[in-house]
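Worksheet: one structure, shown below.
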RNA sequence: GGUUCCGUAGCUCAACUGGAUAGAGCAGCUGCCUUCUAAGCAGCAGGUUCCGCGUUCGAACCGCGGCGGAAUCACCA
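Residue numbers (our numbering): 33 to 634.
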């Protein structure tokens, strides 16, 4: 935090003279002073008492006195129990703020040791092509995209990759159902979005498949056996074989239907505002990794069983035995992930590799990384699974086959029309054109959705109740957007937008009567780099989201208490306008990290 | 059953990674639009941080033991 560095230096410097013993940097810990106490930064002295040999209060008092007389930073101090509250000179707050204002973008380049030119590889989204995206995918996509922005803001190069799961039995199910029951229906003929159309046949397959099972069990067959013997399932499996053998008809159907899905996904991705630098298709990558298995066998990392299947024994690590190649020589999920990881390293020479994948795959990634390590790849240690928890409905988990999903497109539509309704009620769009209004509704609706998802710690399971639409009041995206728009409006009316840089220097240094609300706002503004850094370390957009809310909230309180554009005091009002302008810039920047766009007016 | 994650106000979430009297927003109740945006501001009420023991100056956070929820342990991906 601001001033922490300097103050720590002073404590270390003065300690030996005061107490006859020296202290290490890690023993000196500062925190922001809580609002109810006098002061700006607080030194927690408990951990220092074993070096000072004195009681906490006594230690704090001596240090406080020393800092006031020697450091030139601290104007005053008070001691409460073992907490030494330090007040920083107002002028220093102002000059810190001023240096930030005068170098608008530089502060984003500091923090986190961005590793030279090597990129960070970030995989996210990874959809199946047999059904449309739902709320769970939204969480994945928003998280992945936001993490990429946060890493970039910390000075990293990021390569965003998506791997599309475009093959397998589940794809064949939709294909088969379409072939049997589709009557040649296309997105054009039905007016349906391609991914929804394909999803419809996936559900249809399941319906008829269940019918078959029921019929078989009614005639006395065991349920497990019925699942295997159902004609539809057998046909689907045959289709998969045809696909693997390159049957032209099957491939043509596969290409056509996947094409529909990609078109649909593109629309959804675009609305979500996410994008990728490279897309991998599983149909291209599923054979990768076999060579790695051979090498692993030679090195003795893997072993084969009599039937020819290849395994790794991880029981000594407290895990199980894991299959890495089937007895028929085909690769499994693990095999291809090994292969793609190696391929990506060869292609990009990444400094680290992140996977944004749901926590149901925690075990898979644990094993994946462990195997890579055992195979001797040094970069295995740079891999990280950014695991996030599921989105739950009040009724429990979403299940696409049972129709208990919140569809991504539907949800976005709903959010946008809700935004339109509320905006209309508040009468804010009377002077906007139809196109401008529509654009505004989209910004607000999507802002609400994105903030709702991203403000929650990724590791926590979150609940979404479709019956209660996402809020537009309080701790929400629209509140942040509203604050931004209001600041912009004030600046427009004050008519000083263009002169700010000329004014800022003079007005900041001349104005010394810093009051509580102004100071609070300044403190929040100056915290931005720390928050950004923390967000990058934790890979958590939630840090940014909660910070942005606090910034907007603090501004609103400040704004309410003090008339910003009071012309009778040109210096103070100019200073306050500068503060407002700085806040707006930060809100815009922080929102950008979340993929939320902020409107100039709303 | 083994492993991993989670449990904070009625509800949805915070809590600077061990610090002071655990904070916001919804929902409920009170006030505030003749003044630059009321999607706002000020206030009231709401807590045994799932339970117990331990570690220490100090625990929502760390350790152990329970209870509750979830995920995973496939020749699926």
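Built from N, CA and C at the ideal position, the CB exists for glycine as well.
Residue pairing by DSSP places residue 176 in no beta bridge whatsoever. As for any beta strand (DSSP E) of minimum length 3 sitting wholly inside the stretch 410-472, the runs are 415-420, ordered along the chain. Excluding sequence positions up to five before and after residue 427, its CB lies within less than 8 Å of the CB of 436, all in the same chain and listed in chain order. A contact is defined here as three or more CB-CB pairs under 8 Å, and the stretch 192-203 fails this definition with respect to the stretch 465-484.
Beyond the five residues adjoining it in sequence on each side, residue 120 comes within less than 8 Å, by CB distance, of 35, 72, 73, 105, 106, 107 in the same chain, given in chain order. Taking a C-beta distance under 7 Å as the contact criterion, residue 482 and residue 628 qualify as a contact pair. By the Cβ criterion, the stretch 363-371 is in contact with the stretch 311-323, since at least three pairs of Cβ atoms, one from each stretch, lie closer than 8 Å.
In this structure, residue 154 sits away from residue 400, with a CB-CB distance that is not shorter than 7 Å. Collapsing the DSSP output to three states places residue 407 in coil. Look at the beta carbons and you see the stretch 205-213 touching the stretch 259-277: at least three pairs across the two are nearer than 8 Å. Bounds of the beta strand (DSSP E) holding residue 390 are 384-390. Excluding the 5 residues flanking it on each side, residue 85 has same chain C-beta neighbours closer than 7 Å at 51, in chain order.
Between the stretch 609-622 and the stretch 517-526, the count of Cβ pairs shorter than 8 Å is three or higher; the stretches touch. Closest in alpha carbon position to residue 221, among 292, 204, 168, is 292.
The Cβ atoms of residue 563 and residue 581 lie no closer than 7 Å to each other. Counting of Cβ neighbours within 10 angstroms places residue 171 among the buried residues, the total reaching 16 or more. In the structure shown, residue 166 adopts extended strand secondary structure according to DSSP, grouped into three states. Where residue 108 is concerned, there is no enclosing alpha helix (DSSP H), although the beta strand (DSSP E) around it starts and stops at 106-112.
Annotation for residue 194: the continuous beta strand (DSSP E) segment containing it runs 190-196. Across the structure, residue 163 and residue 229 are spaced so that their CA atoms are roughly 8 Å apart.
One thing to note: residue 182 has its Cβ no nearer than 7 Å to the Cβ of residue 464. Look at residue 633 here: in three-state DSSP terms it is coil, with no helix or strand label.
Taking C-beta atoms as the reference points, residue 60 and residue 40 count as a pair closer than 7 Å.
The beta carbon of residue 233 is closer than 6 Å to those of 206, 209, 210 in its chain, skipping five residues each way along the sequence.
Its Cα nearest to that of residue 416, the residue 394 stands out among 585, 394, 424. The closest CA to that of residue 117, considering only 99, 348, 134, 123, is found on 99.
Of the residues assessed, residue 589 falls on the exposed side of the cut-off, its CB having fewer than 16 other CB atoms within 10 angstroms.
Looking at the DSSP output, residue 357 bridges to 342, 363. In terms of Cβ geometry, residue 567 and residue 556 do not form a close pair [threshold 7 Å]. Annotation: residue 322 to residue 357 spans about 8 Å, alpha carbon to alpha carbon.
Taking the Cα positions, residue 44 is about 38 Å away from residue 418.
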